[in-house]
Amino acid sequence: MKILVCISKTPDTTSKIAFTEGNTKFDEAGVQWILNPYDEWYALVRAIELKEKDPSTIIHLVSVGLADYDPIIRKALALGGDEAFRVNAASGDSYYIAAQIADIAKKGAYDLIFTGKETIDYNGSSIAGMVAEMLDLPYISLATLFELNGTTAQITREIEGGEEVAELTLPAVVSCQKGMAEQRIPNMRGIMAARTKPLQVIEPMAVDALTSVLSYELPPAKAGVKLVNPDNVAELVRLLHEEAKAI
Amino acid sequence: MSVLIFIDHTEGHVKKASFEVLTYGAKLAEQMGTSAEALLLGTVNDDLPALGKYGIKKVHQLAAESLNQMDAQVYASVIAEAVKLVGANVLVFSHNQTGKAISARVAARLHAGIVSGACALPDTSNGFTVKKTVFSGKAFAHISISSPIKVISLNPNSFKTIAGEGLAEINALNIPVPASSVKITAVNKIVGEVPLTEADIVVSGGRGLKGPENWGILLDLAKELQAGTACSRPVGDAHWRPHHEHVGQTGVQIAPNLYFALGISGAIQHLAGVNRSKVIVVINKDPEAPFFKAADYGIVGDLFEVVPKLTEEIKKMKASA
Ligand SMILES: Cc1cc2nc3c(=O)[nH]c(=O)nc-3n(C[C@H](O)[C@H](O)[C@H](O)COP(=O)(O)OP(=O)(O)OC[C@H]3O[C@@H](n4cnc5c(N)ncnc54)[C@H](O)[C@@H]3O)c2cc1C
Ligand SMILES: Nc1ncnc2c1ncn2[C@@H]1O[C@H](COP(=O)(O)O)[C@@H](O)[C@H]1O
Chain E
344 MKILVCISKT PDTTSKIAFT EGNTKFDEAG VQWILNPYDE WYALVRAIEL KEKDPSTIIH
404 LVSVGLADYD PIIRKALALG GDEAFRVNAA SGDSYYIAAQ IADIAKKGAY DLIFTGKETI
464 DYNGSSIAGM VAEMLDLPYI SLATLFELNG TTAQITREIE GGEEVAELTL PAVVSCQKGM
524 AEQRIPNMRG IMAARTKPLQ VIEPMAVDAL TSVLSYELPP AKAGVKLVNP DNVAELVRLL
584 HEEAKAI
Chain H
48 MSVLIFIDHT EGHVKKASFE VLTYGAKLAE QMGTSAEALL LGTVNDDLPA LGKYGIKKVH
108 QLAAESLNQM DAQVYASVIA EAVKLVGANV LVFSHNQTGK AISARVAARL HAGIVSGACA
168 LPDTSNGFTV KKTVFSGKAF AHISISSPIK VISLNPNSFK TIAGEGLAEI NALNIPVPAS
228 SVKITAVNKI VGEVPLTEAD IVVSGGRGLK GPENWGILLD LAKELQAGTA CSRPVGDAHW
288 RPHHEHVGQT GVQIAPNLYF ALGISGAIQH LAGVNRSKVI VVINKDPEAP FFKAADYGIV
348 GDLFEVVPKL TEEIKKMKAS A
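Taken in sequence, the protein lines are chains E and H. Read the first sequence against this note's numbering and you will find it ends at 590, with the numbers running on by one and no gaps. Read the second sequence against this note's numbering and you will find it ends at 368, with the numbers running on by one and no gaps.
The following block contains the structure:
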């Protein structure tokens with residue numbers, strides 16, 4: 344079994360969101376960078392669990408990013424990846440990123456490609472579907488459970504108003520979310536081992552970006568909360584009905 | 048040249064999210080001076096010509112029974128084919144679970160740029176720029192698409208449905224449907240509940256409810272308002288409530304008209320999933336709870352006393368209306 348896990352770097356969930364250079368750049372001052380939680384907690388940890396069940400499993404990581412990605416990749420190696428590729432490019436365009444990942448995936452002949460459900464900064468939910476299309480593989484989105492029996496995978500995924508169980512023969516692309524696995528913390532042995540695991544830097548292939556960010560904008564500040572006395576709940580109902588017209 | 052809108056359906060009915068994208072696509076077509084047409088894969092029991100009331104001229108239908116089951120690979124191939132047949136240059140999806148499964152895949156197949164999570168009509172005055180939510184709803188980005196074909200997936204509940212007059216013409220498509228390599232072995236729909244992402248009103252509970260046995264008061268309120276129910280992450284983690292109710296940065300992201308937060312502190316990761324709600328009501332006994340800063344209305348008080356009263360008062364209001 345060969346698994347490819349797609350790893351991205353995102354600002355910590357508590358980061359202050361602000362922009363600079365005339366609202367065209369994310370303000371990185373004081374921002375802590377983390378492994379995108381969906382990639383770490385669900386995609387990577389589920390891959391590690393599969394390796395624990397079948398130790399012959401090989402886990403490769405792929406990131407499209409510049410050298411500032413390396414600490415994130417090392418952390419993923421410390422958690423349990425075997426080897427990593429970093430495609431040396433900075434791009435926000437989903438098609439560009441997906442094309443780089445698909446290229447690595449083709450060369451590695453993977454049985455399984457895991458991504459997170461979405462990046463918590465760009466919120467695209469796009470990369471996995473694109474990679475699947477570029478490789479002409481089945482794609483299961485928003486997976487909450489993943490079981491493997493030989494080369495048959497049983498995957499539970501979220502659909503509108505419920506879930507469904509899909510069965511397919513690998514290879515496949517799966518985007519992972521809550522339910523797939525539980526968060527883990529890298530241990531000392533993993534951290535030591537990660538230092539010497541291979542992290543190969545690859546130059547990108549030429550792909551046209553199809554989208555670009557022109558500017559950012561923060562939502563208007565809330566006017567402030569209107570507090571209602573707990574002894575006068577009727578007043579809240581009146582406000583919601585007459586003022587907010589919400590009920 | 049046309050705007051093609053993907054119609055999502057389940058159990059024989061067109062979904063509410065589809066009415067939003069139909070309205071959105073029709074407005075966009077008007078703005079671009081082209082026609083708005085829709086695409087339906089599979090079969091429904093609803094009156095399709097009546098969808099014309101959202102401003103579309105045509106519904107292209109590929110009525111193969113097998114398409115009532117969504118497989119991203121199959122869908123991408125037939126949708127891309129339909130786009131070529133119809134000659135569409137903009138394709139619109141809802142950014143719901145179905146849209147998330149297929150829109151990007153179709154975009155890749157068409158070599159089209161995609162903006163997913165759009166929240167407003169594109170600016171087409173100079174190029175094609177779409178506003179989308181980023182940083183889990185904490186900000187917006189204006190993204191320009193440069194490819195000839197453009198794909199947009201629209202956040203649910205971010206565009207108001209407008210129904211007018213009109214009948215759509217139905218055009219039967221004839222596109223070969225490839226066999227699916229995915230077998231669906233079980234479907235578990237949550238019955239009797241309003242789907243969270245489609246709910247107009249959501250009532251949500253946090254650790255302040257103390258335990259699963261206390262959810263009755265929340266459910267009573269939700270029932271009275273015909274609201275969907277949600278919870279904070281620790282509540283889902285502790286299995287007080289099912290996992291699909293967990294909202295926030297790492298859970299479901301919602302944007303209802305009205306969101307009630309009962310006994311939820313308002314951590315930044317929770318807010319990330321709900322801050323696009325139009326009106327937020329917070330009930331918390333701690334006046335310092337951060338949620339009050341994000342709220343429109345609030346009561347500082349004990350939820351065990353306030354919530355049942357609230358349900359009663361809503362009943363009274365409805366009775367007098
Ligand atoms: C990377 C990351 C991702 C996360 N993702 C999410 C996410 O997606 N969603 C999410 O919800 N959380 C998420 N969290 C967790 C988040 O940080 C908070 O810990 C969590 O939201 C707190 O849940 P809570 O408000 O229910 O509980 P608490 O923070 O314990 O708050 C309980 C509240 O109830 C109030 N209360 C208690 N008793 C009463 C009473 N009788 N009447 C009225 N009020 C009362 C208290 O004053 C308090 O404000 C994430 C955390 C991390 C680090
Ligand atoms: N730059 C990147 N390098 C590698 N994987 C990525 C990158 N960006 C996104 N991904 C993967 O694609 C998933 C979805 O990202 P997105 O489509 O941007 O929401 C993420 O959870 C990652 O698994």
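The beta-carbon is built from N, C-alpha and C at its ideal position, and this holds for glycine as well. As the structure is a computational prediction, the values presented were derived from the model and not from experiment.
Taking a cut of 7 Å between CB atoms, which residues from the stretch 262-277 of chain H lie near chain E? 272
Is residue 356/E near ligand 1, judged by its Cβ being under 7 Å from some heavy atom? yes
Looking only at DSSP bridge pairs, what is residue 505/E linked to? 502/E and 236/H
What residue range does the alpha helix (DSSP H) around residue 388/E cover? 388-396
Three-state class that DSSP yields for residue 343/H in the structure shown: coil
Smallest Cα separation from residue 374/E: which of 388/E, 387/E, 381/E and 358/E? 358/E
Could you tell me which chain E residues have their CB closer than 9 Å to the CB of residue 337/H, listed as they occur along the chain? Residues of chain E passing the Cβ test: none, with the nearest at roughly 11 Å.
Can you give me the Cβ contacts of residue 99/H inside the same chain, cut-off strictly under 7 Å, excluding the 5 residues immediately before and after it? 213, 214 and 215
What are the uninterrupted segments assigned as beta strand (DSSP E) that are 3 or more residues long and contained completely in the stretch 300-341 of chain H, given in chain order? 305-309 and 326-331
Quick check on residue 480/E: does DSSP put it in helix, strand or coil? coil
Using only the heavy atoms of ligand 2, determine whether one of them is closer than 7 Å to the beta carbon of residue 466/E. yes
With 8 Å as the limit, tell me which residues of the stretch 125-144 of chain H have their beta carbon closer than that to any beta carbon of chain E; keep them in chain order. 142, 143 and 144
Could you check whether residue 349/E and residue 458/E sit closer than 8 Å to each other, using their CB atoms as the reference points? yes
Looking at the strands, I want to know which residues DSSP matches up with residue 376/E. 354/E
Does residue 254/H get closer than 8 Å to chain E when you measure Cβ to Cβ? no
Note the first and the last residue of the continuous beta strand (DSSP E) segment covering residue 560/E. 554-560
How would you call residue 273/H, buried or exposed, if buried means at least 16 neighbouring beta carbons within 10 angstroms? exposed
Any heavy atom of ligand 1 within a distance shorter than 7 Å of the CB on residue 314/H? yes
Ligand 1 and residue 296/H: does the residue's C-beta get closer than 7 Å to at least one heavy atom of that ligand? yes
Quick one: list the residues of chain E neighbouring residue 316/H, beta-carbon separation under 7 Å, in chain order. 356
Assuming the contact rule is C-beta atoms closer than 8 Å, residue 281/H and residue 254/H should be a hit. Round their C-beta distance to whole Å, please. 5 Å
Just to make sure I have the definition right: I need the residues of chain E whose C-beta is within less than 8 Å of the C-beta of residue 149/H. Which are they? 472
Is it a yes or a no for the stretch 555-568 of chain E touching the stretch 440-449 of chain E, going by three-plus beta-carbon pairs under 8 Å? no
Excluding the five sequence neighbours on either side, which residues of its own chain have a C-beta within less than 8 Å of the C-beta of residue 124/H, listed in chain order? 156 and 225
Check for me: the beta strand (DSSP E) holding residue 180/H runs from which residue to which? 176-181
Could you work out which residue in 512/E, 506/E, 364/E and 423/E is closest to residue 386/E when comparing CA atoms only? 423/E
From residue 286/E to residue 471/E, what does the alpha carbon distance come to, in whole angstroms? This structure does not reach residue 286/E, given that chain E is present from 344 up to 590, and the question cannot be answered.
Taking the alpha helix (DSSP H) that residue 154/H belongs to, which residues open and close that run? 144-157
Report the neighbours of residue 305/H on chain E: residues whose CB is nearer than 9 Å to its CB, in chain order. 583, 587, 589 and 590
Per-residue DSSP class, three states only, for residue 495/E: strand
What three-state label does DSSP hand residue 417/E in the structure shown? helix
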